[in-house]
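For reference, the structure discussed in these notes is given below.
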Amino acid sequence: MKAADHLEKIVLPAVREFFAAEDSLSAPAQDQSPEAEYFKVTALRRARTASIELNHLADTHANFTQSSLASVRTLISSNCTMLRSNTMCHDCSLLRDIADVFKHSSIDRKSATIKHSKAVVTVSTGYGELGYGEGKFDGTEQIIVELPNGDKRALSSILQNVVDAWRRLLVLSLPPVSEF
Numbered sequence: 004m005k006a007a008d009h010l011e012k013i014v015l016p017a018v019r020e021f022f023a024a025e026d027s028l029s030a031p032a033q034d035q036s037p038e039a040e041y042f043k044v045t046a047l048r049r050a051r052t053a054s055i056e057l058n059h060l061a062d063t064h065a066n067f068t069q070s071s072l073a074s075v076r077t078l079i080s081s082n083c084t085m086l087r088s089n090t091m092c093h094d095c096s097l098l099r100d101i102a103d104v105f106k107h108s109s110i111d112r113k114s115a116t117i118k119h120s121k122a123v124v125t126v127s128t129g130y131g132e133l134g135y136g137e138g139k140f141d142g143t144e145q146i147i148v149e150l151p152n153g154d155k156r157a158l159s160s161i162l163q164n165v166v167d168a169w170r171r172l173l174v175l176s177l178p179p180v181s182e183f
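For the sequence shown, the positions run 4 to 183 when this note's numbering is used.
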């Protein structure tokens, strides 16, 4: 399957499901409900699926184009910017780490930024805890990746950045942010 088809038929549905689950998680009416645990577990499960599917797209593209996985990862990374700015970011490699810790619970790859699934959590964040324009506002719960240096990243922004990188590489249009 071509990467563009795989993106459209497999990856983007998983990303859309994650965003819907995270919206349910952060709905103000759900904060104190008895179903709160269900919303957290569902958001984490869909975060796992979206991360793994998006990361796996590199393998699919490498197989289809008969390229090395390393060269595909380099191409994707060279197209990855922070929330459509001109600032390059390392979210492709961070997404790889997230997918790996979701699959294996912990990883010992020296180049990995995060090493354990405990770094991917469901929490609310306060003002200034995330980068400018990143994640949800008003202290609502969301899936956060806690980096070893104490920085926090919104998984929604990481997914957005990597999907955008793929769209650029495959010469596909960029719909409005958060619309997949």
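For glycine and all other residues, C-beta sits at the position ideal for the given N, C-alpha and C.
As the structure is a prediction and not an experimental result, all values here were calculated from the model.
### Query
With DSSP run on the structure shown, which of helix, strand or coil describes A157?
Counting from 1 along the sequence shown, the entry for residue 157 is found at position 154. DSSP places A157 in strand when its eight states are reduced to three.
### Task
Determine, using beta carbons only, whether L97 and L172 come nearer to each other than 9 Å.
Along the sequence shown, one-based indexing puts residue 97 at 94. Along the sequence shown, one-based indexing puts residue 172 at 169. Cβ distance not < 9 Å, so L97 and L172 don't count as in contact.
### Task
Tell me whether T128 sits in a helix, a strand or coil according to DSSP, three-state version.
On the sequence shown, position 125 is the one that residue 128 refers to. The answer is coil: DSSP assigns T128 none of H, G, I, E or B.
### Task
Decide if L177 is buried, meaning its Cβ has at least 16 other Cβ atoms within 10 Å, or exposed.
Residue 177 sits at position 174 when you count from the first residue of the sequence shown. It is exposed - the Cβ of L177 has fewer than 16 other Cβ atoms within 10 Å.
### For A73, the nearest candidate out of K121, L86, E144 and H59 (CA to CA)
One-based indexing of the sequence shown puts residue 73 at position 70. The candidate whose alpha carbon is nearest that of A73 is H59.
### Message
Bridge partners for S109 per DSSP, in chain order?
### Response
Locating residue 109 in the sequence shown gives position 106, counting from the first residue. H119, per the DSSP bridge assignment.
### Query
Could you give the uninterrupted runs of the alpha helix (DSSP H) lying entirely in the segment 13-70, keeping only those of 4 residues or more?
Within the segment 13-70, the complete alpha helix (DSSP H) runs of at least 4 residues are 15-28 and 39-68.
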